[in-house]
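What follows is one structure encoded as structure tokens, with my remarks underneath.
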Amino acid sequence: MMHFKKRHDFKHKKFKNPPIIEAIFELRWKVRENGDPLIKLIDKKFKFFPGRFFDRIKKNYPEVEVLPNSTMPDDLNEYLPRFRFRNQPNSYPLIQIGPGVITVNFDKNFTQELFFNTCMDVLNVFFEVLPDIELNEVILHYIDGFKFDYEKDNAFNYLEESLSTYFRFNLDLFENTKINSLPIKFHLESNFLVEEPPGYFMCQFRSGRKRIDKEKIIVMDTIFRSFGNNLPKIEKLDDWLYNADNIIHNWFLKMIDKIKYKYE
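What follows is the structure in structure tokens.
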């Protein structure tokens, strides 16, 4: 039986007021023969998986939400969560499951150690219930939000001055036009190949708003993904998550170095 051990050797300190909105670990497994999208879903085990999985986690996650995707035909909701489990209504952390997918989600009230060890607990239960799966993709996704009124001030200036990111259009492009040079909406994305652990790192900036008070923010997504030939062995998922998490955290700390005093 697969068993992942907890770790306590995390070096990054916890910020008092971190800009993080959500941290997500996502595991996907294959549900079609040879990955052919024309073949109907073969994830027959999923029909029994939710009940068996919940039976093992209900002590810590007794609240169950049936998501709208649960009413969709199987062929249309591949890798879309159908069920969500929480300790209390609207609380974090939460677990989501669907055909070919399981996620562990945390909000800002977490530490690297708590996030990692919770993911290990969930994976241990997952592989107890579904031991014979073939991995399709593993993803680690951090979402951070930086308060900024991009309709009033230039977001590209903020990225350059505060987040070590340089991007702007030549002002000559706006001369003799009626186009205002202030970007009121934007979406910037860059992807990078990573040697160890093998995979791809993505950093993305976009205009956005907070969910509750709708305050304007610059959203930063940092994502590490491994798929295809870059997939880790199942028994090495703990090492993958540990290393991917450190890559994202090190990048994040360098990126916010000029403004980290706001969050300490």
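Quick note on numbering: full-length UniProt numbering labels position 183 of the sequence shown as 183, and the sequence is numbered without any gaps. Think of the CB as a built atom: it goes at the ideal place given N, C-alpha and C, for glycine as much as any other residue.
Asked                                                                                                                            : Found
Exposure of Gly228, with buried meaning 16 or more beta-carbon neighbours within 10 Å                                            : exposed
Coarse secondary structure for Gln112, derived from DSSP in three states                                                         : helix
With 16 other Cβ atoms within 10 Å as the buried cut-off, status of Asn105                                                       : buried
Test item: CB-CB of Ser226 and Ile218 under 8 Å                                                                                  : no
Inter-residue Cα distance where the pair is Leu237 and Asn180                                                                    : 48 Å
DSSP beta-bridge partners of Ile223                                                                                              : His141 and Met202
Rounded separation between Met2 and Lys216 - CA only                                                                             : 44 Å
Alpha-carbon spacing of Tyr92 relative to Val122, whole angstroms                                                                : 14 Å
Three-way DSSP call (helix, strand, coil) for Ile133 in this model                                                               : coil
Start and end residues, alpha helix (DSSP H) containing Ile256                                                                   : Where Ile256 is concerned, there is no enclosing alpha helix (DSSP H), given that its DSSP letter is neither H nor E.
Through-space distance from Arg82 to residue 273, alpha-carbon basis                                                             : No information on residue 273 is available, as it lies outside the stretch 1 to 264 that the chain covers here.
Contacts around Ile20, its chain only, beta-carbon distance under 6 Å, and the 5 residues preceding and following it disregarded : Lys108 and Asp144
Completely contained alpha helix (DSSP H) runs for the stretch 141–214, where each covers 4 or more residues                     : 155–162
Chain-order list of residues whose beta-carbon lies under 6 Å from that of Thr162 (same chain, five-residue window excluded)     : According to the sequence shown, residue 162 is Ser rather than Thr. Excluding sequence neighbours, Ser162 sits near Lys258 and Ile259.
Chain B within 8 Å of Phe4, Cβ atoms only                                                                                        : No chain B appears in this structure, which consists of one protein chain only.
Buried versus exposed, by CB contacts within 10 Å (16 or more), Glu175                                                           : exposed
At least 3 beta-carbon pairs within less than 8 Å: the stretch 192–205 vs the stretch 111–127                                    : no
Cβ-based burial, Val138 [other Cβ within 10 Å; buried from 16]                                                                   : buried
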